[in-house]
Each structure stands twice: as structure tokens, then as C-alpha cells.
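With my numbering as the guide, the letters of the sequence shown map in order to residues -12 to 221. Where is the CB? At the ideal position from N, CA and C, for every residue including glycine. Below: the structure, in C-alpha cells.
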Amino acid sequence: MSSDTIRKSLNTLAQGVNLPIRYLIVTSVYQGIEPISVRDFHNLIGRAGRADEHTEGSILFADNDLYDEKAGPVQGRRRWRRIKSLLNPGNSEPCTSSLLTIFDPLYHSDRYRSIKLNILDVVRAYVTERIREFIGAFVSEHEGFDIEGVTDQIQWKVNIMSAIENYLMSYTHETEQALEDAEVTQLATGTLAYYLADEDQKNDLVQTFLELSHNMEARVSEPEKRRIFGKTLY
């Protein structure tokens, strides 16, 4: 990399590509509406001062308000504490499961308040194709939650449910038969998410797998279609 070149990158790309740089300018410590994890942040700042290019590097935070408001309003103090927490690698999060994030609460636009959902309500809205109505009702009932923010968070859960369906369907292509409930339960309990979940989440995770399996069985009843979808995914 030449000495006069500036590279602009999303944090996900910067973490995965070897970009030996002298200065890393951090414009935001959020990924969408979610704070970046300590683990991802240290992976990101590890790009500065890479071997064969520079012996050391500097991390620059582009948002002046982070420092200027550190002793000011409550939100400013929270942001400052968050930055200091990110800089300490000892705060790195434990290994987790993307599947388990289906149980994450819905976050308010201020990113500090949240409301826990019954995930089975979301699953039932999904299988009956009433996700839009579910989102509209939630926003109407909870002040300060906007349609766009809630939609993005619900869409993440929908994507996980779609991935579960594809996972289940991939097991049907050999026999072309729908999975038995016992088989579905075994698949659910064999996931990392199940291992990491608390008791309530374990029960809800198994029930989520079962409801999605029943939905697929109803929608794809022909064995030939099951065989096709088992290879091409649902």
C-alpha cells in the first residue's frame, strides 16, 4: 500500500482482509443499530501497524463528541464508557451462536432501551405471513419504536427462521419424507444455540424448530418437491 493512499472499508471487510495501514480512522462503533462487539473491534484495530509495512499504528476516532461530551449529558457519558470498554480486550465477549440471537430483544432507537419478545409469537406471525401486521402492532403499542428500526430487527429473526427451514429441508432430500417430530427435536437439541440457551430458550428453540417443520410439511407436501428443495433449499 502506497504511503499516500487512503482506503475506505466496511468494518466486516476490514476484519477479513489483510490491509496493512498506518492509521485506522473509526467513524462509528456501531454495526447498524447494534454496538460493535469488543472481539470484532480488536480484530478491526489489529489492521493498524501490520507486519511488513509499519511497526506500529494509530487508531483515530472521528467523532469529536465522544471526548467533548464525556462529562456532559447522560448519553455522552454512556458513549465514553462504551469506548473505554471497547479498548480493553479483557472485555471480549464469550463465543456465542448466531441462531441464539433470535431471542434478542427489540431495541429502541436510542439503543439503550429494549423490550423482550416471545419468539413464538414472531414464529407464528412468520408462518401465517403476518409479519407486517406484527410489526405494525408492536410499534403502535410501544412508544418510541419506529417502523424502520423494528422492521430491520424482525427481518434478522426472519432470516434466521429461513435458515432453520433450509437446515431442516436439507435433511429430507434423501428420503423425500417429512421429518418426524423426534428427528426435528434431535436436530434442535444438537445445536450450539441449544447448548448455550437457558431452560426457557431451550424449550422455545425446540418449539420453533417444530413449528417451522410443520409449516414446511404443510406447504411442501409432495415428496418430489421435498427432494428438490432438499437440494436447492427452501
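Query, Result
"Of the residues ASN51, SER157 and MET156, the one placed nearest ILE12, counting alpha carbons only", "ASN51"
"Between the CA atoms of TYR10 and MET(-12) - distance to the nearest angstrom", "Residue confidence for MET(-12) is low, a pLDDT of 44 falling below 50, so the modelled location carries little weight; the figure read from the coordinates is stated next. The alpha-carbon atoms of MET(-12) and TYR10 are separated by roughly 12 Å."
"Where PRO76 falls: helix, strand or coil (DSSP)", "helix"
"C-alpha gap between ASN75 and SER24, whole angstroms", "11 Å"
"ILE12 in three-state terms, based on DSSP", "strand"
"Host alpha helix (DSSP H) of LEU199 (start-end)", "186 to 206"
"For VAL137 and ILE118, believed in contact at Cβ under 8 Å, the rounded distance", "Between VAL137 and ILE118 the Cβ distance is about 11 Å, and since that is not below 8 Å, they are no contact."
"Distance between LYS144 and GLU167 (C-alpha atoms, nearest Å)", "24 Å"
"Which of helix, strand or coil DSSP assigns to ILE23", "coil"
"For ASN78 and SER72, the rounded distance between their alpha carbons", "7 Å"
"Own chain, CB closer than 8 Å to ARG69, minus 5 neighbours either side, in chain order", "VAL16 and PRO22"
"Simplified DSSP state of SER149, which is helix, strand or coil", "helix"
"Span separating the alpha-carbon of ASN105 from that of ILE89", "10 Å"
"Reduced DSSP secondary structure (H/G/I, E/B, other) of SER157", "coil"
"contact_flag[the stretch 188 to 198, the stretch 168 to 179] where n(CB pairs < 8 Å) is 3 or more", "yes"
"Assigned exposure category for ALA49 - 16 Cβ within 10 Å defines buried", "exposed"
"Alpha-carbon to alpha-carbon, MET203 and LYS212", "11 Å"
"The alpha helix (DSSP H) enclosing SER127, as first and last residue numbers", "118 to 128"
"Spatial neighbours of PHE28 in its chain, beta-carbon cut-off 6 Å, leaving aside the 5 residues before and after", "LEU73"
"Residue-level contact to chain C via CB, SER84, 9 Å cutoff", "Looking at the structure shown, chain C is missing, and only one protein chain is on hand."
"Pick from LEU86, VAL126 and LEU107 that is closest to TYR94, judged by C-alpha positions", "VAL126"
"TYR113, DSSP secondary structure in three states", "helix"
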